[in-house]
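Peer 1:
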Amino acid sequence: MAVEVREQAFDPWREMADYEARQTAGAYGATAVFVGHMRDFNEGDAVQGMTLEHYPGMTERHLEAICGRAADQWDLLDTLVVHRVGDLDPGDPIVLVAVWSAHRKDAFEASRFIMEDLKSEAPFWKKERTEAGDRWVEKNTPGY
Amino acid sequence: MTVSVKFFASLKDQIGCDGASVEIGEVATAADVWLQASGGKPMPDNVLVAINMEYADRNAEVGNGDEVAFFPPVTGG
């Protein structure tokens, strides 16, 4: 399992390739990947950029706990979570969640679980830059 | 006792600082810590509390040396 909060822009597909190279070929039959990107619109307004704040220490601990709960609930071989913080431009990847398992049910369900828990519980906060000024995003929309 | 207080995101802007060291009585809840650290501002209903980096109820008791964090609903991902 690997969890990383990163200040620098990242390429999720390079991260995937690098991390998958550590897996044992033949052991995993399923890889489920979710990538979240920054939109250039929100709530009817154009968004020019974003700053993502987190709680160093608690954020990483919480992400590790989410992955641990997923591993308790499903039969997983490995899990990777990378989340951006700092200043982002529209189109930048924000989050990568990847899960490896023998069968697709575990990979699909665990990746969804991790992503939804991350959205609702992990301490990150977005501040958007718009023409009208900066504004904090007040809440995430429910995923289910 | 002494607790370390942290504010994040919009609360940091509203309170005007990202944290402080607070002296408080020997028996205190997170809500008591908020009142002392915020200068008596009422705590908004949607504020989340963490004690030593674990989610906690606002009425949970804090201990000497604890880190008590206050933040708005999370918006990551």
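Going down the list, the protein sequences come from chains A and B. Mind the numbering: the first sequence is residues 1 to 144 in this note's numbering, read in order. Mind the numbering: the second sequence is residues 1 to 77 in this note's numbering, read in order. We treat Cβ as the ideally placed atom computed from N, Cα and C, and that holds for glycine. Source: prediction; values computed, not measured.
1. Using only CA atoms, which one of A/TRP136, A/ALA25 and A/VAL97 lies nearest to A/CYS67?
2. So, at 8 angstroms on beta carbons, what are the nonlocal neighbours of A/LEU76 in its own chain, with the 5 sequence-adjacent residues on each side left out?
3. Between which two residues does the beta strand (DSSP E) carrying A/MET50 extend?
4. Show which residues of chain B have a CB atom less than 7 angstroms away from the CB atom of A/VAL137.
5. Nearest to A/HIS103 by CA position, among A/ASP78, A/GLY29, A/LYS119 and A/ALA46, is which residue?
6. How would you label B/SER21, buried or exposed, when you count the other beta carbons within 10 angstroms and need 16 or more for buried?
7. Would the beta-carbon of A/GLU60 fall within 8 angstroms of that of A/VAL95?
8. Go ahead and pull the three-state DSSP assignment for B/ILE15.
9. Expressed to the nearest angstrom, what Euclidean distance is found between the alpha-carbon atoms of B/VAL74 and A/ILE114?
10. With DSSP as the reference, label B/THR71 as helix, strand or coil.
11. Would you say A/VAL85 and A/VAL5 are within 8 angstroms of each other, going by their C-beta atoms?
12. Under the assumption that A/LEU52 contacts A/LEU80 (Cβ atoms under 8 angstroms), give the Cβ distance between them as a whole number of angstroms.
Peer 2: In terms of the structure at hand:
1. Considering only A/TRP136, A/ALA25 and A/VAL97, the residue with the shortest C-alpha distance to A/CYS67 is A/VAL97.
2. For A/LEU76, where only same-chain residues beyond five positions count, the Cβ hits under 8 angstroms are ALA70, VAL99, TRP100, SER101, ASP106, ALA107 and ALA110.
3. A/MET50 -> beta strand (DSSP E) spans 49-54.
4. Within chain B, the residues near A/VAL137 are THR75.
5. Comparing Cα positions, the closest option is A/GLY29.
6. By the neighbour-count rule (16 or more Cβ atoms within 10 Å), B/SER21 is not buried but exposed.
7. No.
8. Residue state, collapsed to three classes: helix.
9. For B/VAL74 and A/ILE114, the gap between their C-alpha atoms comes out near 15 angstroms.
10. Inspection of the sequence shows that residue 71 of chain B is occupied by Phe rather than by Thr. Residue state, collapsed to three classes: strand.
11. Result yes, Cβ atoms of A/VAL85 and A/VAL5 sit closer than 8 angstroms.
12. Approximately 19 angstroms separates the beta-carbon atoms of A/LEU52 and A/LEU80; this is outside 8 angstroms, ruling out the contact.
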